[in-house]
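Asks: My questions will all concern the structure given below.
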Amino acid sequence: MLALGLCLSAVWGTAQGATCNVSSTGLAFGAYQPVTFAGKLTSADKTSTATVTVSCTGLLSQGGYSISLGAGSFGSGDRISTRYLNNNSNGGALMAYNIYTTAGYTTVWGNGASGSLLTGSAPLIPGSSTNTHTVYGRVPAGQTALRAGSYSDSLTMTISYSP
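Under the numbering used here, the letters of the sequence shown match residues 3 to 165, in that order.
So this is what it looks like as structure tokens:
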């Protein structure tokens, strides 16, 4: 059995006297069963959701923001079009996964060059404003070369605010 987890960390942004920060709940995919029985895969895609919260204070004008999600820490290539979870306890093959901005798992959340940005609008409210977004994680089925253990990755979100 494989345990899966993902931690999202944040980078804060400032604009014209405003401070915006982004935070997220983690993604927890649960147990992944990659074995086959009688020549048939018994696993299914593992999915999870996370809530991304944008909080801004001191806004001088209404504006939009974009949140990029950095590359994964493991694997080769751009590490955004396919991200990988690392087996922290037993090593071996990396587990492919990704994070999407759409419930249909069609738009990978990335840095704008690879994958799309998560975007929103911060309303001008005296004091502060808070917006939330749901993001969708998926570990594809059929990864049969994995060892038992606990898998994880850590990604960085960066918010850019434009009044």
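Glycine included, each C-beta is placed from N, C-alpha and C at the ideal position.
1. Consult DSSP for Asp155 and reduce its assignment to one of helix, strand or coil.
2. I'd like the span of the beta strand (DSSP E) that includes Asn92, first residue to last.
3. If you follow the beta strand (DSSP E) that Arg149 is part of, which residue opens it and which one closes it?
4. Given this structure, state the Cα-to-Cα distance separating Leu96 from Thr160, to the nearest angstrom.
5. With H, G and I counted as helix, E and B as strand and the rest as coil, what does DSSP make of Phe76?
6. Run through DSSP, which three-state label would Thr132 get?
7. Between Phe76, Gly77, Pro142, Gln64, which has its C-alpha nearest Tyr102's C-alpha?
8. Examine the Cβ distances between the region 20–33 and the region 106–116 and report whether three or more of them are shorter than 8 Å.
9. Of the choices Gln35, Tyr67, Thr84, whose alpha-carbon is the least far from that of Gly131?
Replies: Reading from the atomic positions:
1. Here the question's residue 155 lines up with position 153 in the sequence shown. Note: Asp155 maps to strand in three-state DSSP.
2. Here residue 92 refers to the residue found at position 90 when the sequence shown is read from its first residue. Neither: Asn92 is in no beta strand (DSSP E) and is coded neither H nor E.
3. The sequence position of residue 149 within the sequence shown is 147, counting from 1. Run containing Arg149: none; DSSP gives neither H nor E here.
4. For this step, residue 96 is matched to residue 94 along the sequence shown. For this step, residue 160 is matched to residue 158 along the sequence shown. Approximately 25 Å between the Cα atoms of the pair.
5. Position 74 of the sequence shown, counted from the first residue, corresponds to residue 76. Reduced to three states, the DSSP call for Phe76 is coil.
6. Locating residue 132 in the sequence shown gives position 130, where the first residue counts as 1. The answer is strand: DSSP assigns Thr132 an E or B state.
7. Numbered from 1 along the sequence shown, position 100 holds the residue referred to as residue 102. Comparing Cα-Cα distances from Tyr102 to each of Phe76, Gly77, Pro142, Gln64, the minimum goes to Pro142.
8. no
9. Within the sequence shown, numbered from 1, the residue matching residue 131 stands at position 129. Looking at the sequence itself, residue 131 is Ser, so the reference to Gly does not match. The candidate whose alpha carbon is nearest that of Ser131 is Tyr67.
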